[in-house]
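Respectively, the protein sequence lines represent chains A and B. Using our numbering, the first residue of the first sequence is number 1, and each one after it goes up by one. Using our numbering, the first residue of the second sequence is number 1001, and each one after it goes up by one. Structure, as structure tokens:
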Amino acid sequence: MTDLLGNDLNLQYELLGPEIALVITAALVLFADAFRRELKIGQSAIPAISILGLVVALLLSLLWIDENKDFARLVTIDNFTTFFRVLFIAVTVVVIIGSHEYIERRVSHLGEFYSLLLLSTVGAMLMAGARDLLTAYLAIEVMSFSLYILVSLAKSDTRSGEASLKYVLLGGVASAMLLYGLSFLYGVGGSTQYTEIAAALSDGTSTLELPLLLGLALIIAGLGFKASAVPFHMWTPDAYEGAPIPITAYLSATSKAATFALLLRWFAGPLLPAIDSWQWMISVLAVLTMVIGNLVALQQSNIKRLLAYSSIGQVGFMLMAIVTISDQTGSALLLHLSGYIITNLAVFMGVIAFYNRTGREEIVAFRGLAQTNPYLALVITAGLFSLAGMPLLAGFLTKFILFQSVVSGGYTWLVVTALLASTVSLYYYLQVIRQMYMYQPEGDASRWRLSPTGYLATGAMLVGVVWVGVYAAPFYTAADRAIAPLFT
Amino acid sequence: MTVDLAHYLAVSGIIFGIGVAIALSKRNVVAVLMGIELMLNASNLAFLAFSRFSGAFQDGTEPLAGHTFVVFVLTVAAAEAAVALAMAVLIYRRRETVDLDRISVLRW
């Protein structure tokens, strides 16, 4: 088949296998939930169906390792896409397993919960794979709309609806800005295809300097919102606090990683010729984000808000890699992103298990956890130390490689700022650890155990944190191979 | 005087500005949503103008990507309004207000 201009279109639907599998699973989950009584299935059948669908999608995405094809000039299937597909599927599986107990007790509308979770994963996967502005825009909206609703699903928590409303309104403003920026980019580039925009921009169209600059500023503002970079971060702490904790974990992992996948695709592809126009914007954003994120985290008393600001700080570190974009920093960014996701999920799985037992989320509530549940205290401590960048844990190695690659990209002053911000972050992570180990438990001091799924999720993440920290070679190779198609 | 690309862009810029002003200054959820709709429509106008006035359009080789974009944006805008209004209803049921200044349990 050919399009209007006579370009050949490759309509191999198997290329979109993982996405199609997930959409079918999402529909099945909704159906199964609606007819649960007629079909005589229990409540836990629904997460089971979701996990099954995710595993099928994982296998289907592994079929395309080392391929480089595109679907109808809309979606690219290369190692970069495969890397993110695997990452997003893994995150969703961990979130579903680790939060099984939490969701049954504290989330209304089970069917909608799981199917929207799957749909937002589809959106994230397409964000990583898109090669056309329209596909990218629609993928962003698929992911965001699912997340807007997911944030509002906490049962009997008044904060949940409010968080969702703020998220949806600010998100709407941000994506309208992004869209307006895209319209300028389309005007300057004359096409919505990444490859053709890149070609048009590298021709040196100096007469269109102003629209391009305006478009870039709007695009960076819109994406900065999605990545929660300062000064577009205002929704982050509210949405993180109001959302059900599994969704907070999901927001901090998938939604962030998908935005960085898109940033990498855009700034290493169509926007690379205009690097002089956007490099300073991103570096200003990076500095503001890491400084303000880490400083405001110091005065938080709620663990979800603390982790929200800590994730904002981490985004600042990751933005440095976009400033000095190259295959080296790109692969360091992918490595850091996967390390950060594993670490963050370890902390969140621990917090979910803790919340299931106590129903509290203030930092002081963690007092004496080392006595009542030493295993859980160990998981959370390992996660927090890894976020702070302690040796032998994932955070140290990935951060070290990231900082090193930015230095060799010529931005030493950025790395110096990042190191200072990183030192500040150690203080507030240690505050939580101090509560767990240095204080006596308040009230009930008897020992307690996690649910089996809780042990599975926290154990897997703990192993992951140590594994990436000690033996990161497989991850490093994967990141290297994933970034290669972007720079050829 | 012929109406050309610059005029369309000026109008779209003005509409976008009005949309931003409404979205950021109004305290009523529905009014904020209307501001967002204006911003989206300003983008639509810009897409259409860029598509219509591109060199390729005169030659008949423009794949109408801008026009296609607008159709999808209209759909997205409708979905967005549906989600946001559902949230507004959810809030209104619990608190009997959709005033953003009074919806403020969450504070940094």
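Positions of the beta carbon are idealized from the N, C-alpha and C atoms, including for glycine. These numbers were taken from a predicted model, which means no experiment stands behind them.
Report yes if the CB atom of A:L492 is closer than 8 Å to the CB atom of A:A308, and no otherwise.
-> As shown, chain A starts at 1 and ends at 488. That puts residue 492 of chain A outside it, with no answer to give.
Under 8 Å between C-beta atoms, does B:F1050 make it to chain A?
-> Yes, contact with chain A.
Quick one: which chain B residues come within Cβ less than 8 Å of A:F145?
-> By Cβ distance, chain B contributes A1079, E1080 and V1083.
Among residues of its own chain, excluding the 5 on either side of A:V86, which ones have a beta-carbon nearer than 7 Å to its beta-carbon?
-> L58 and S61
Might you give, ordered along the chain, the residues of its own chain that have their beta carbon closer than 7 Å to the beta carbon of A:P273, omitting 5 neighbours on each side?
-> In the same chain as A:P273, and ignoring 5 residues on each side of it, the C-beta atoms closer than 7 Å to its own belong to A198, L201 and S202, in chain order.
Examine chain B for any beta-carbon lying closer than 8 Å to the beta-carbon of A:I149, and answer yes or no.
-> yes
Using the rule of at least 16 other Cβ atoms within 10 Å of the residue's Cβ for burial, across every protein chain shown, is A:I65 buried or exposed?
-> exposed
Can a CB atom of chain B be found closer than 8 Å to the CB of A:Y186?
-> yes
A:V406 and A:M320 look like a contact to me (Cβ under 8 Å); what is the Cβ gap, rounded to whole Å?
-> 5 Å
Locate the alpha helix (DSSP H) running through A:K155, then write down its first and last residues.
-> First-last for A:K155: undefined, no H or E at that position.
Could you check if B:E1096 is buried or exposed, using at least 16 other CB atoms within 10 Å of its CB as the buried criterion?
-> exposed
Kindly indicate which residue of A:T458, A:T423 and A:L426 has the alpha-carbon position closest to the one of A:V379.
-> A:T458
Flag this pair as touching only if the region 129 to 144 of chain A and the region 162 to 177 of chain A have three or more C-beta atom pairs under 8 Å; answer yes or no.
-> yes
DSSP on B:W1108, reduced to helix/strand/coil?
-> At B:W1108 the pLDDT is 43, less than 50, meaning the model places this residue with poor confidence; the figure from the coordinates comes in the next sentence. It is coil, neither helix nor strand.
Contact the region 358 to 378 of chain A vs the region 440 to 455 of chain A: 3+ CB pairs below 8 Å = yes
Buried or exposed (CB count within 10 angstroms, at least 16 for buried), A:A27 = exposed
Where A:I197 falls: helix, strand or coil (DSSP) = DSSP places A:I197 in helix when its eight states are reduced to three.
Flag this pair as yes or no: are the beta carbons of B:A1038 and B:I1014 separated by less than 8 Å?
-> This sequence places Leu at residue 1038 of chain B; Ala is not what is there. Going by C-beta atoms, B:L1038 is not nearer than 8 Å to B:I1014.
So is A:D78 in contact with chain B if we call contact Cβ pairs under 8 Å?
-> no
Indicate whether at least one CB of chain A lies closer than 8 Å to the CB of B:W1108.
-> Because B:W1108 sits at a pLDDT of 43, beneath the cut-off of 50, its placement in the model cannot be relied upon, and the following sentence gives the value as read from the coordinates. Chain A, which has a Cβ nearer than 8 Å to the Cβ of B:W1108, makes this yes.
Using a Cβ-Cβ cut-off of 8 Å, state whether A:D3 counts as contacting chain B.
-> yes
Taking only the alpha-carbon atoms, compute the straight-line gap between A:S99 and A:M349 and give it to the nearest angstrom.
-> 7 Å
Using a Cβ cut-off of 7 Å, which residues of the region 127 to 141 of chain A contact any Cβ in chain B, in chain order?
-> L134, L138 and E141
Whole-angstrom Cβ separation of A:Y102 and A:I46, contact assumed at under 8 Å?
-> Contact doesn't hold; Cβ gap of about 14 Å is too wide.
For a contact meaning CB atoms closer than 8 Å, what does B:F1072 contact in chain A?
-> L134, Y137 and L138
Measure the CB-CB distance between A:S386 and A:G469 and report whether it falls below 8 Å.
-> With respect to the 8 Å criterion, A:S386 and A:G469 are classified as neighbours on the basis of their beta carbons.
Enumerate in chain order the residues of its own chain whose CB-to-CB distance from A:L214 is below 7 Å, with the five nearest sequence positions on each side excluded.
-> F184
Does the pairing of the region 76 to 95 of chain A with the region 248 to 268 of chain A give three or more beta-carbon distances under 8 Å?
-> yes
Interface flag, A:T259 vs chain B, CB-CB below 8 Å | Judged by the 8 Å Cβ criterion, A:T259 is not in contact with chain B.
Check the Cβ of B:A1016 against every Cβ in chain A and list those closer than 7 Å, keeping chain order.
-> Here residue 1016 of chain B is Phe; the residue named in the question, Ala, does not match the sequence. In chain order: Y180.
So, does the CB of A:S152 fall closer than 8 Å to a CB anywhere in chain B?
-> yes
C-beta contact flag for A:P211 and A:G242 at 8 Å | no
What first and last residue would you give for the beta strand (DSSP E) that runs through A:D70?
-> Segment K69 to F71, the beta strand (DSSP E) holding A:D70.
Assign A:I363 to one of three DSSP states: helix, strand, or coil.
-> helix
Hey, is the region 1026 to 1040 of chain B in contact with the region 116 to 130 of chain A, meaning 3+ C-beta pairs nearer than 8 Å?
-> Verdict: no, contact absent.
Hey, is A:V173's beta-carbon within less than 8 Å of any beta-carbon in chain B?
-> At a cut-off of 8 Å between C-beta atoms, A:V173 counts as an interface residue with respect to chain B.
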